[in-house]
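> Under the working numbering, the residues of the sequence shown are numbered 5 to 209, in order.
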Amino acid sequence: MKKMPLVIIPLVLFALLVVFLFQGLFSDPRALDSQVVGKPLPHFELPDLMQPQTIYTPEVFKGDVTIVNVWGVWCVTCAVELPYLTQLSQQGVKFVGLYFDQDLDPDFGTKTLDRVQTEVTQMLGRYGNPYSFNIFDVYRDTSLDLGVTGAPEHFVIDKQGIVRMHHIGDINERVWASKVGPLYDQLQAQTFSSLKASQAGGEGE
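#1: DSSP state of Tyr60, grouped into three classes?
#2: Is Leu191 buried or exposed, if buried means 16 or more other CB atoms sit within 10 Å of its CB?
#3: Do the CB positions of Leu102 and Ser147 come within less than 8 Å of each other?
#4: Using the C-alpha atoms, what's the distance from Lys183 back to Val69?
#5: For the stretch 80–98 against the stretch 121–132, are there 3 or more C-beta pairs whose distance is under 8 Å?
#6: When DSSP builds the beta bridges, which residues end up paired with Pro51?
#7: Check the C-beta distance from Phe65 over to Ile161 and give it rounded, since I have them as a contact under 8 Å.
#8: Kindly indicate the opening and closing residues of the alpha helix (DSSP H) around Leu102.
#9: Taking the alpha carbon of Thr58 as the reference point, which residue from Ile139, Arg119, Pro46 and Leu45 has its own alpha carbon closest?
#10: So within the stretch 132–199, which uninterrupted beta strand (DSSP E) runs reach at least 3 residues, ignoring any that extend past its ends?
#11: Does the distance from the C-beta atom of Leu86 to that of Pro62 stay below 8 Å?
#12: So Thr70 is in the beta strand (DSSP E); what residue range does that whole segment cover?
#13: Quick one: what's got a C-beta closer than 7 Å to Glu123's C-beta in the same chain, skipping five residues either side?
#14: Over the uninterrupted alpha helix (DSSP H) stretch that includes Pro44, give me the two end residues.
#15: Taking Gly132 as the reference, which of Cys82, Gly42 and Arg144 has the closest Cα?
#16: Do the CB positions of Gly42 and Val167 come within less than 8 Å of each other?
#17: Phe159: which of Ala181, Asp52, Gln94 and Phe99 sits nearest, CA to CA?
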């Protein structure tokens with residue numbers, strides 16, 4: 005067997021590097037798939053942002069099609085999308101916020117809970133409030149379990165609590181019409197069909 009000339013090795017490595025960079029140049033970073041899609045939400049026990057005595061678990065998502073919106077007052081894009089999310093919520097789309105604060109240190113108290121609540125109230129009062137409620141991801145553990153890299157990010161959850169889509173970035177009219185909305189409507193239609201089938205079965209007994 006002939007050995008590959010040493011001069012060929014750098015050329016091969018260079019060619020592989022070019023291919024890798026070329027693929028990255030034309031890939032969409034928002035198209036990265038989440039490892040949780042098709043799976044139940046990771047387990048969590050987290051408080052309501054405004055009423056910390058209320059504790060949520062993944063069971064809270066059973067029975068409704070829900071969009072979980074990862075956001076924070078420090079996120080400029082979150083503020084930009086809030087009016088449109090509020091418009092969608094007024095049309096019946098259910099949003100739940102998964103909130104974490106970059107400036108809050110739960111161990112050392114860099115920012116108090118009262119201050120976080122005040123900032124959230126002010127921002128939602130200014131731009132609109134689409135949320136049924138906000139889950140406070142105090143230590144960001146749940147965001148990490150979901151594979152969140154920033155904000156805003158969105159997870160479409162079906163009525164069984166299964167993650168059906170992970171969208172990185174804001175939801176605007178174009179994104180809703182072409183990507184998120186069709187899936188949401190499909191899941192809602194499945195819910196309606198299941199309800200009708202259940203009612204028909206009950207009447208036939």
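Glycine included, C-beta positions come from ideal geometry on N, C-alpha and C.
Straight from the coordinates:
#1: Of the three classes helix, strand and coil, the one that applies to Tyr60 here is strand, per DSSP.
#2: Classification for Leu191: buried.
#3: Here Leu102 is near Ser147, since their CB atoms are less than 8 Å apart.
#4: Here the alpha carbons of Lys183 and Val69 stand approximately 16 Å from one another.
#5: Taking a cut-off of 8 Å for Cβ pairs, the stretch 80–98 and the stretch 121–132 touch, as three or more such pairs fall below it.
#6: Per DSSP, the beta bridge partners of Pro51 are Ile59.
#7: The C-beta separation of Phe65 from Ile161 comes to about 5 Å, placing the pair in contact by the 8 Å criterion.
#8: For Leu102, there is no enclosing alpha helix (DSSP H); the enclosing beta strand (DSSP E) has its first and last residue at Phe99 to Tyr103.
#9: Ile139 is the residue among Ile139, Arg119, Pro46 and Leu45 whose C-alpha sits nearest the C-alpha of Thr58.
#10: Taking 3 residues as the minimum length, the beta strand (DSSP E) runs contained wholly in the stretch 132–199 are 135–140, 157–161 and 167–172, in order along the chain.
#11: Not in contact: Leu86 and Pro62 (Cβ atoms no closer than 8 Å).
#12: Residues Thr70 to Trp75.
#13: Within its own chain, the residues whose Cβ lies closer than 7 Å to the Cβ of Glu123, once the five positions on either side in sequence are excluded, are Val77, listed in chain order.
#14: Here Pro44 belongs to no alpha helix (DSSP H), and DSSP marks it neither H nor E.
#15: Considering only alpha carbons, the answer is Cys82.
#16: Contact: yes.
#17: In this structure, Phe99 is the residue among Ala181, Asp52, Gln94 and Phe99 with its C-alpha nearest to the C-alpha of Phe159.
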